[in-house]
Structures are given as C-alpha cells and as structure tokens.
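A.B. asks: Questions regarding the structure given below will be posed in turn.
Number of protein chains: 2
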Amino acid sequence: MIDKPELDKRKAFILATVVYEYINTAEPVGSVTLAQKYNLGVSSATIRNEMAELEAGGYLVQPHTSAGRVPSDAGYRTYVDRLMPPEQLTKDDTRRIRDQFREASRELGDVIEQTTRLLSGLSGNLAIAIAPSRDTHAFKHIQLIWLSARTSMVVVVTSGGVAAQRVIEWQTDVAADDLTRLSNALNSRLGGRIMQDVTAGQLDAICADSGASAEMREAVRGAFAQARQTDEPGLAASGAQNLLDQPEFHDLRKLRAILRFVEEQRTLYDLVADELASDAPHTGQPHVRIGHELGPDELSECSVVTVPYSFGDRGVGVLAILGPRRMPYARLMALASGTARSLGDHLNDVEIR
Amino acid sequence: MIDKPELDKRKAFILATVVYEYINTAEPVGSVTLAQKYNLGVSSATIRNEMAELEAGGYLVQPHTSAGRVPSDAGYRTYVDRLMPPEQLTKDDTRRIRDQFREASRELGDVIEQTTRLLSGLSGNLAIAIAPSRDTHAFKHIQLIWLSARTSMVVVVTSGGVAAQRVIEWQTDVAADDLTRLSNALNSRLGGRIMQDVTAGQLDAICADSGASAEMREAVRGAFAQARQTDEPGLAASGAQNLLDQPEFHDLRKLRAILRFVEEQRTLYDLVADELASDAPHTGQPHVRIGHELGPDELSECSVVTVPYSFGDRGVGVLAILGPRRMPYARLMALASGTARSLGDHLNDVEIR
DNA sequence: GTTTGGCACTCCCTGGGTATGACTGCTAAG
DNA sequence: CTTAGCAGTCATACCCAGGGAGTGCCAAAC
C-alpha cells in the first residue's frame, strides 16, 4: 500500500483478469487458473510473481496464505477507473426499460418506486432512488378546497407533478368564496415561480391583499412549506432480497447489519444523497463507490453505483444500485445510466406544463 | 393424528408447558427439563409417558428419535385456542402506541405505513397493514383544477382523507370556468354519498346537466374509478429484517423463500385479505393462522396474527403480524388488537367531517 | 534480466471415526 | 398408576489425517 507505481501493461492485464474472474466466480483466483483460462502467453510462475507485486502494491489481497487472490478496494477502483471495458445496454435491457416507462405512472412517487423495482430486477441487486428535491420545481397551482365550514383541503401543484396536500381544520368558520378568492390571488401572482424563490413575506402580502384571515395565512404558509420540504426525502428502495443470493452475504451477521442499514430511511438517504451534495458537476455519468469509500463499516463489503437524473432544467434526483463489491460494474453502470436517462425523459414527457 | 381425544387436565398442562418452553428457548423440550423447571409434581418418566401420548395424538412431534418434543400445528392450535393465558398490553406498550398515534400523519397512506413500523418494532416481527377498501368511503369533494388550457388536475376527497389525484391532458382547450361549474355540480349532488353507490350513469347525468364535454365526462369517470379502485391494495409491510433474528430462519433457503413471498405485493395481500373476505363476523378479535393453515408452502413454518380495524361505521382494513410459528401468541395478539384499536380511533379522530 | 519448471511448504476443507450428551421407550418394582 | 433404572438412538462436537489448491523461492534456461 506504501507506493502505488504506475502499472505496466502486463500487470494491468493481470489485475483486470483477476477482478473479472473473481466477479464471475466469487472464488479467490490463483495463478494456474489464470494461466489456463486466459491467454496470457506466460507461465503461471510469472503470473505468480506479478500477482505478488500487485499484492505489494495494494491491489490484491490473500484471504489466507495458501489461497488465491481477491481484489482490494484499490484493485476494484483501478479496474473501474481504467481497466474495465465499458458496456452498452443490451437490446433486451433497452426493451425492458422502454416497456416499463411506456406504461409508467404519472405520479412522481409511483414512478420512483416503479423505477427501483425495474432497476433491482434488471441488476439483481438492491436499487434505490431519491425523488427530485422539491424546492427546485416551479410553482404551478394552489387550490384551497372547501369541505365543510370547519375543514378544508389545500393542494399545491408544482412542475414535478407533485401535489402537496393537507387537510386543515379551522378554528372559525370559513366561506368557500374566501378560499376561492385567495386561491386565485395566489395563482395569478405566483404562477411559474421557482418554489424556493417564494418567500414567506410574499405569501403574507398576497394573503393580506385578498383579505385572508390569520388562520388562512398560516394554512398557506404551511402548505408551501410542505410542498417544498426537502427533508422528507422521497426515497424508494427495493430488491433487498436479491442480496441473499450473493455468496458474500451468506454470513447472517453481515447480512443483518446491511439490511438494518438499508431499512433505515435516514442512513440510506445520506448514503445516496452524497451524490447530490457533492461539488462534482452533474455530468450524468455514473459514479462508483467501493467498500470503505462508502464510509459506514456495515457496508465495507459493498459497492454502490449512483447516477443522477434530471428533468426540466433544474430538478435532480439520484438512482443507485447497492450490491457486493464483487458486482459487474460495467453492466450496472450501463443499466443505471440507461434507466436514469429513460426516467428523465419520462418525467419530461409527463411534466405538467 | 387419527383420533384427537379430549385432553385431560394433566396432558393439557404438559402441552401448554411444552409450547411455552419451546417458544422461549427455541430448543426441543425434553421430559427432564420439564420436570425440573416447572412444578409438575410427577417424575420425568410420567411426563415421558404423557408426552408420548401427546405425540400419538398429533400435538407434538420429535425432530428426531432422541430429541425432545416440538409442538405441531395442532399443538400450537390447541395452545392458542384453549390453553394460553391471555395477555394484556403492558403499560410500556400502551404508552408507545399512544405516543405514536398522537403525532401520526393525517394521510391514510402514511398512517398505514407508520403503523406497520410501530407494530414491527413492538412485536419484533414482520408487520403488514391493508388500508381500508376505498369504495366504502363517503364521497366528500371533487375539484377539477385548471393548470393550463390543455392540462388540468383532478382531486377527489373521500371520508378516508384519501384524495385520488391525477393529471389530465385535454385534446382541446378547456376554460377554468367550465371546470369550476362541473366541480360545483358534482359536489352539490354527490356530497355524502358512499363511493360504491355512485354509478357511472349518475356521473354522466351530472356532466350532461352542467354542459361538460365528452372529454370532461371521461375525466370525471376516470377520477371516480381511481378513487375507489380496490385492486390497488394500499398495502404496507415493514420489519422483514426482524425475521433474520429468528433461529428457525437461519437456513438461507427458507429465509429466501419467505422474503420473496413477502416482497410480492400480490401474494402478501392475498394472505392478509383472507381476513377481509372471510364470512366470519368482524368482531375485532385477533385471528391466528398457524403453519400449513396459511396455505403457501413457503410459509409452513410461519404463523400470522390478523386483526381487523374499522373506522367510521363501514371501512375495514386489516393489521397483521407474520413471524415464526414459535411466536409469543398472547403478546402479539394483544399488541395487534391494541394497535388496531388505536389506529381506528386515530382514523376516526382525523376523519374529515 | 526475465522467464520457467520444480519443489517444499502452508493452510483450508473434507470425511471418517469416536466420544459425548440429551433424549426416549421399555420394564419391573413400588 | 407412578417411578427408577437402564439400554438404545441419534445429533452434535471433536479430533485427526489426507487431499488439494495455491504460494514462494530457487536454480536453470532463455
């Protein structure tokens, strides 16, 4: 681990082959296997020497003295960044993604959840999605709906198609006309504004102008607050049971730790939301984090592929795939990218204009 | 299994003790353990004889010749129906349930999900909830909201506080006034009706009376259809990872089968919805199904406690706890009942009047 | 200098054999 | 009917040796 010299061509090829083989077999790979299965043109002894140097360089580790080698975090990292042949989506995958979105819902929450189901099914791993942060959406419409003298419902529609909705109980009777007047005033003066640009002061001013009561003003404020609430993540995950199939998770203790981590909305959100908060430009490229790069110890044997998706020109969410470090990175990156693109397209098509 | 004679007092006590001990220890229980730990007043030899007869009667089984006994489905059944001392909710549980509902959401979907989290946390098992079937709710309000000349949003509010909502794209331009007029007409003529009693013919008539276009009529029909859709179950489950802690599920194959079963919304719904469909009167009493009584082979080592909850005077949903057959039935029944009651109360308190 | 074949060594895994312990069922005596 | 005692059964744990996969090193070949 001390020095990390540039890898010469043969070392790079051997490292790539070890990672590839290990991803496919889940068994530590030895020099003889490598020499036989792949056409290296050198003997196993030479490969042994190279592998020893790769281990000294921190790219490979041995589970025990007389076992083959397994990639380390750094080994996977090098593989992903520089050695791995990129993959395209297969025809079959493309079709399945297309079919899925063709009949997808128009409700943001549902779309997000369906997308995780699709992605977990295609990838055979756990899929996670974060819905776009709400306060980057444009305000479209608010409606205060009279239900009875003491109860109303307020609905806020934004460009995400997300309608924040809540029921209000009034302390004093209200008239349907007052609600309509206030709704109209808000709509005409705020239409098209970005949610996060709407200040409480503006709301108050509009309420005052249309003669709304203090109680109604509070209701409007509350509705806007809810509509752009960002700490209610809008998170979906599915496919946790896929992890059971991975041999590295046959150890119940590890599995439990991971599942507990995943069940906790908050931690899961933090895990994926790094991607949103990061200074890296949102290039739309998938991003891979491997093992300890993820942070939490529970996930030290996992990797995560994240890819941002966008719709409109502002809203940005994230798709992610969580699986064992021994995951088919190229394929999953292609899948995540393709799904993110289709999701963005779908959201754009469906967006309320 | 051939004959099932009435159990005499001592046999009943021994059976109850075996079940109790096995539930607590997860180990097959032998005659000596029983004689030592519980005050039976007879020797282990006598207990052996009794246990042999209980096995002949089908109440107990031996995992292998030289092991202790384990309850059979029939043994659990007898225990639950006749032998088990009923339990009350502990002060602590009562408090936690109360606290949970005090700050619970007003949205039906959220409440249902939060309830499963509560119940899985309290019970240490998997909790499932089915939201009330929508078409038993009373219609409260419909609003067609003008977003642009070619798009609108329609919101339907029912007594469940559930608002079905959808976005509509018109083929031809519509005017905001027309939407308001139609909304008002529908509200005044349908207010308070039970959803399932509203026919398509009535909707059409109201649309015609208020001069709505064919397209608008379709939109209204669609919104009502969505609002009372029953085949969209409104299902929540949480706590699957609790099952990992149960020793009977340390076998990965069994665990996988169960988790796959649970991940599938449809099968899970069918499992719990039996309770709704059954002819049994909804007494509010918890109902227990044990092992093979559940039907699916995957669940032959599981039991389910279900309890209906009601709100208003019609809507009925179901709470359920799924766990190993070796579950603390009395406690879980108390928990499920208490939670169902609190859930019903909460829904009543929060119901839009 | 690099590559290669050979060889000794290490360590995991497996399978057989055995001891152990927790049961039961049976029998005969109380 | 109950009980003590005893033989028998079976799962589990344990030890141990053998096999196998793989490495590291060295000396010879290229």
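Protein chains in written order, with the numbering used here: chain A, 3 to 355; chain B, 3 to 355.
Just so it is clear, CB atoms sit at the ideal spot from N, CA and C, and this is done for glycine as well.
Measure from the C-beta of I147(B) to each C-beta in chain A and report whether the shortest distance is under 8 angstroms.
C.D. replies: yes
A.B. asks: Is it true that the CB of G293(B) sits closer than 8 angstroms to the CB of R328(B)?
C.D. replies: no
A.B. asks: What are the residues in the stretch 236-252 of chain A lying within 7 angstroms of chain B by C-beta distance?
C.D. replies: Q243, L246, H252
A.B. asks: Per DSSP, S305(B) forms a beta bridge with which residues?
C.D. replies: I292(B), G325(B)
A.B. asks: Under 8 angstroms, with one C-beta from each stretch per pair, do the stretch 110-122 of chain B and the stretch 78-97 of chain B reach the 3-pair mark?
C.D. replies: Segments in contact, no.
A.B. asks: Taking DSSP as the reference, what is the three-state secondary structure of H348(A)?
C.D. replies: helix
A.B. asks: Name the two residues that bound the continuous beta strand (DSSP E) containing I99(B).
C.D. replies: Careful: I99(B) lies outside any beta strand (DSSP E), inside the alpha helix (DSSP H) at 93-104.
A.B. asks: Shorter than 8 angstroms from the beta carbon of M329(B) to some beta carbon of chain A?
C.D. replies: Judged by the 8 angstroms Cβ criterion, M329(B) is not in contact with chain A.
A.B. asks: Does Q267(A) come out as helix, strand or coil in the three-state DSSP assignment?
C.D. replies: helix
A.B. asks: Determine, using beta carbons only, whether E265(B) comes closer than 8 angstroms to chain A.
C.D. replies: yes
A.B. asks: So, does the CB of V20(A) fall closer than 8 angstroms to a CB anywhere in chain B?
C.D. replies: no
A.B. asks: For G241(A) and A133(A), which I take to be in contact (beta-carbon distance under 8 angstroms), what is that distance rounded to the nearest angstrom?
C.D. replies: Going by Cβ atoms, the distance from G241(A) to A133(A) rounds to 18 angstroms, so no, they are not a contact pair.
A.B. asks: For a contact defined as C-beta to C-beta under 8 angstroms, what are the partners of L257(A) on chain B?
C.D. replies: L246
A.B. asks: To which residues of the same chain is R191(A) closer than 7 angstroms at the C-beta, ignoring the five residues directly before and after it?
C.D. replies: I208
A.B. asks: If you reduce the DSSP assignment to three classes, tell me which class E217(A) lands in.
C.D. replies: helix
A.B. asks: Give the secondary structure of S312(B) by DSSP, where H, G and I count as helix, E and B as strand, and everything else as coil.
C.D. replies: strand
A.B. asks: Between which two residues does the beta strand (DSSP E) carrying V159(A) extend?
C.D. replies: 153-160
A.B. asks: Return the CA-CA distance between H66(A) and A54(B), expressed in angstroms with no decimal places.
C.D. replies: 51 angstroms
A.B. asks: Hey, R254(B) and L245(B): beta-carbon distance below 8 angstroms or not?
C.D. replies: Contrary to the premise, residue 254(B) reads as Leu rather than Arg in this sequence. The Cβ-Cβ distance between L254(B) and L245(B) does not fall below 8 angstroms.
A.B. asks: Taking 8 angstroms as the threshold, find out whether the stretch 344-353 of chain A comes into contact with the stretch 40-55 of chain A through three or more Cβ pairs.
C.D. replies: no
A.B. asks: Here's the rule: buried if 16 or more other CB atoms are within 10 angstroms of the residue's CB, otherwise exposed. What is T308(B)?
C.D. replies: buried
A.B. asks: Could I get the ranges of all uninterrupted alpha helix (DSSP H) runs contained in the stretch 174-253 of chain A, with 4 residues as the minimum, in chain order?
C.D. replies: 178-192, 202-211, 216-229
A.B. asks: May I have the straight-line CA-CA distance separating L146(B) from L188(B), to the nearest angstrom?
C.D. replies: The straight-line gap separating the alpha-carbon atoms of L146(B) and L188(B) is approximately 10 angstroms.
A.B. asks: Are at least three pairs of beta-carbons, each pair with one atom in the stretch 32-44 of chain B and one in the stretch 76-83 of chain B, less than 8 angstroms apart?
C.D. replies: no
A.B. asks: Would R195(B) pass as a contact of A238(B) if the rule is Cβ separation under 8 angstroms?
C.D. replies: no
A.B. asks: Pop quiz: M197(B) and A229(B) are said to be a contact at Cβ under 8 angstroms. What is the actual Cβ separation, rounded to whole angstroms?
C.D. replies: 7 angstroms
A.B. asks: Return the CA-CA distance between V2(B) and E29(A), expressed in angstroms with no decimal places.
C.D. replies: There is simply no residue 2(B) to check, as chain B begins at 3 and stops at 355 in what is shown.
A.B. asks: When you check each C-beta in the stretch 71-86 of chain B against every C-beta of chain A, which residues fall closer than 9 angstroms?
C.D. replies: none
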